[in-house]
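Structure, as C-alpha cells:
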Amino acid sequence: MAKLKFQNHTFTLEPYESVLDCLLRNAQTIPYACKAGTCQACLIRTIACEATAESKKWIKNALQDKGYTLACQWLPEQDVHAALPTIEEFSVAVLISELVMLNKSVMRVKLDVKDPAEMFHYRPGQYLSLINPDGIIRSYSIANSYEKDQCIELHIANTEHGIFTQWLFKSAVVGMKIHIRGPSGTCFYNDAIEKDQVLVMAGTGTGLAPLYGIARDALTHGHSGPITFYHGGRSDAHLYYREQLLALQHEFPLFDYRPCTIDASSDPAVLTGRLEQIVEAQLDSSHLQKMRFFLCGAPTFVFDMRKRIYLKGARADNIICDPFTERNVTPT
Ligand SMILES: Cc1cc2nc3c(=O)[nH]c(=O)nc-3n(C[C@H](O)[C@H](O)[C@H](O)COP(=O)(O)OP(=O)(O)OC[C@H]3O[C@@H](n4cnc5c(N)ncnc54)[C@H](O)[C@@H]3O)c2cc1C
Ligand code: FES
594 MAKLKFQNHT FTLEPYESVL DCLLRNAQTI PYACKAGTCQ ACLIRTIACE ATAESKKWIK
654 NALQDKGYTL ACQWLPEQDV HAALPTIEEF SVAVLISELV MLNKSVMRVK LDVKDPAEMF
714 HYRPGQYLSL INPDGIIRSY SIANSYEKDQ CIELHIANTE HGIFTQWLFK SAVVGMKIHI
774 RGPSGTCFYN DAIEKDQVLV MAGTGTGLAP LYGIARDALT HGHSGPITFY HGGRSDAHLY
834 YREQLLALQH EFPLFDYRPC TIDASSDPAV LTGRLEQIVE AQLDSSHLQK MRFFLCGAPT
894 FVFDMRKRIY LKGARADNII CDPFTERNVT PT
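In terms of the working numbering, the sequence shown is residues 594 to 925.
Here it is in C-alpha cells:
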C-alpha cells in the first residue's frame, strides 16, 4: 500500500483514501472545510513527487506549477511526500477595519489590505479563503470591488456551533490581523456576457453578498439588459441591505429588486413564499433560453432553484451557481 510522508511522519494510505482523510485518520492538523474541491482550505505542497491531475485541476495554474494540490482530492497510488504551506505562502495579510451587524445574525466585515502591492485581482462575486489567527480557514464571497472601495467587503452569517463564525462573532475585533487567500470561483459578471442579456439573480441569506457585488459590477460595466434581483429570508428580520438595493433600483431603472420572505410581511413590497417557487412562477418562459441566472446561498436552495429553471427551459450553461457548502459535521 502507498505511504504518505508528512511533516516527519509516515502513514499508510488505505486503498482509495485521500491524503486529507489519511491525515485526519492519523490525528494530524490540517485545515479543511468542504472536502469537495471548492474551499481550497486543504491546499498542500508536494515534495519531490507529482500529484494526480484530478487533484490539481481545481487550483490555478500558477499554484499547480509550484507543486500545490488539494489534499481532499488527491488519492495517491504510489508513495508520496507533502507538507503544509506556511501562512506566508500566497496569502495576503489584512486588517479587520469594520465589524457591523446588518441584521440580527449577519455581520458586514471589511478588510484593509496591509500591503496593497500584495493584493490580488478578483471580480466581485468570487470568494476568498479567510484564515484566522488559529489557522481555521473558511470561504466567503466578496460583495464589492477592491479597486473601487480600497477594501474588501464580506457578509458573514452567525452559525450556531460553527468554529470560524463563533470566533468571528465573539473574539474578532477591529484592527486584528488575519490572512486571505484567493480568489476562487466562477460566479461573477463575465465580460463575455452580452450587455443586453436579461440577468436574474436569486439568493438566500448571505447569498446576497456575491449577488450584490455582481449586480454592481454589471452596472459599472454598462450592462443595459434588465436585472431582476431576488433576495429571500425567513421573515423581514432576515432581509438586509434593503436601503442599498432600493437606492440601486432608483439609480438604475433596469435594476429590479424583489425581496421575498416565507413568513408574511407587513410591507406590501415584500413577496410572500419560498424564494424558489416565487422565482419559478415569475419567469417569462418565452425568454428563458437567453436569460443568465446567478444563484447563491444555501446549497439546498441553489440546487433546487437550478433544477426548476433548467426543467422550465433555461440553458444549463446560463445557470451560474455558488452554493455555500459547509463542512460536514456529525453532531456529537
Ligand atoms: C464558495 C463558498 C462561499 C461562501 N460564502 C459565504 C458568505 O459569503 N457568507 C457566509 O456567511 N458563508 C459563506 N460560506 C459558508 C462558510 O464558508 C462557512 O461554511 C460558514 O461560515 C460556517 O463556518 P463555521 O466554521 O462557522 O462552521 P463549521 O465549524 O465549519 O460547521 C459547519 C456546520 O456544522 C454545524 N456544526 C458544527 N459543530 C456542530 C455540533 N457540535 N453540533 C451540531 N452542529 C454542528 C455548524 O452549525 C455548521 O452548520 C461560503 C461557503 C462556500 C463554499
Ligand atoms: S477543497 Fe479540500 S476541503 Fe475544501
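Ideal Cβ positions, reconstructed from N, Cα and C, are used throughout, including at glycine.
None of the values given here were measured: they were computed from a predicted structure.
Closest Cα partner of residue i within the set the options
| i | options | result |
| --- | --- | --- |
| R928 | A595, L868, A874, Y903 | Limits of the chain in this structure are 594 at one end and 925 at the other, which puts residue 928 out of reach. |
| A629 | Q790, Q666, L832, K598 | Q666 |
| E919 | K653, F896, C632 | C632 |
| P717 | G825, N921, F781, I680 | F781 |
| T797 | V702, K703, L832 | L832 |
| W760 | S734, V687, P726, D784 | P726 |
| N737 | V702, N911, I871 | V702 |
| S879 | R899, K905, I871 | K905 |
| A830 | S698, S611, E869 | S698 |
| Q870 | T854, S859, V612 | T854 |
| V895 | K883, Q882, C615, C914 | C914 |
| Q790 | Y805, T821, A765, G806 | T821 |
| A785 | A595, A811, T893 | A811 |
| Q621 | T603, E607, E844, A655 | T603 |
| G826 | T799, F887, S648, K596 | T799 |
| Q600 | A676, A634, K653 | A676 |
| Y715 | Q837, I807, E643 | I807 |
| S828 | Y850, E836, S859, Y805 | S859 |
Between the CA atoms of residue j and residue i - distance to the nearest angstrom
| i | j | result |
| --- | --- | --- |
| M694 | R731 | 20 Å |
| A857 | D877 | 25 Å |
| N696 | H816 | 30 Å |
| I640 | M712 | 27 Å |
| R809 | P861 | 26 Å |
| T758 | I749 | 8 Å |
| L636 | A646 | 14 Å |
| P624 | E682 | 15 Å |
| D910 | L663 | 26 Å |
| K770 | V685 | 10 Å |
| V767 | L692 | 7 Å |
| A907 | Y834 | 29 Å |
| L792 | T813 | 15 Å |
| P852 | Q743 | 29 Å |
| S690 | M700 | 13 Å |
| Y661 | A655 | 9 Å |
| E844 | E787 | 21 Å |
| E670 | L606 | 9 Å |
| M594 | D672 | 8 Å |
| T893 | A626 | 18 Å |
| L613 | I729 | 15 Å |
| Q838 | A634 | It should be noted that the sequence gives Leu, not Gln, for residue 838. If you take the alpha carbons of L838 and A634, they lie about 32 Å apart. |
| Q875 | D708 | 46 Å |
| V922 | E836 | 36 Å |
| F887 | W651 | 21 Å |
| K659 | K653 | 10 Å |
CB of residue i within 8 Å of CB of residue j, strictly
| i | j | result |
| --- | --- | --- |
| L864 | P819 | no |
| P776 | C889 | no |
| L801 | H824 | yes |
| L723 | I735 | no |
| V687 | I773 | yes |
| Y739 | G778 | no |
| E753 | L668 | no |
| I933 | L704 | Because the chain is modelled from 594 through 925, residue 933 falls outside the range shown and cannot be assessed. |
| K598 | H674 | yes |
| R901 | I912 | no |
| P678 | R618 | no |
| A795 | L868 | yes |
Go through the region 731 to 763 residue by residue and report every complete run of the beta strand (DSSP E) that reaches 3 residues or more, in order. Correct list: 745 to 750.
Starting from the N-terminal side, write out each stretch of the beta strand (DSSP E) that is 3 residues or longer and does not extend beyond the region 658 to 697. Segments of the beta strand (DSSP E) lying fully in the region 658 to 697: 661 to 663, 673 to 676, 685 to 694.
Completely contained alpha helix (DSSP H) runs for the region 780 to 825, where each covers 4 or more residues: Runs of alpha helix (DSSP H) with 4 or more residues, each lying fully within the region 780 to 825, are found at 801 to 813, listed in chain order.
Chain-ordered residues, beta carbon under 7 Å from a heavy atom of ligand 2: Residues with a Cβ closer than 7 Å to any heavy atom of ligand 2, in chain order: L613, Y625, A626, C627, K628, A629, G630, T631, C632, Q633, A634, C635, W651, L663, A664, C665, Q666.
Which runs of the alpha helix (DSSP H) fall wholly inside the region 602 to 668 and span at least 4 residues, in chain order? If only complete runs of 4 or more residues are kept, the region 602 to 668 shows the alpha helix (DSSP H) at 612 to 618, 646 to 649, 654 to 658, in order along the chain.
Can you give, in chain order, each stretch of the beta strand (DSSP E) that sits fully within the region 838 to 896 and has at least 3 residues? Within the region 838 to 896, the beta strand (DSSP E) runs of at least 3 residues that lie entirely inside it are, in chain order, 848 to 854, 885 to 890.
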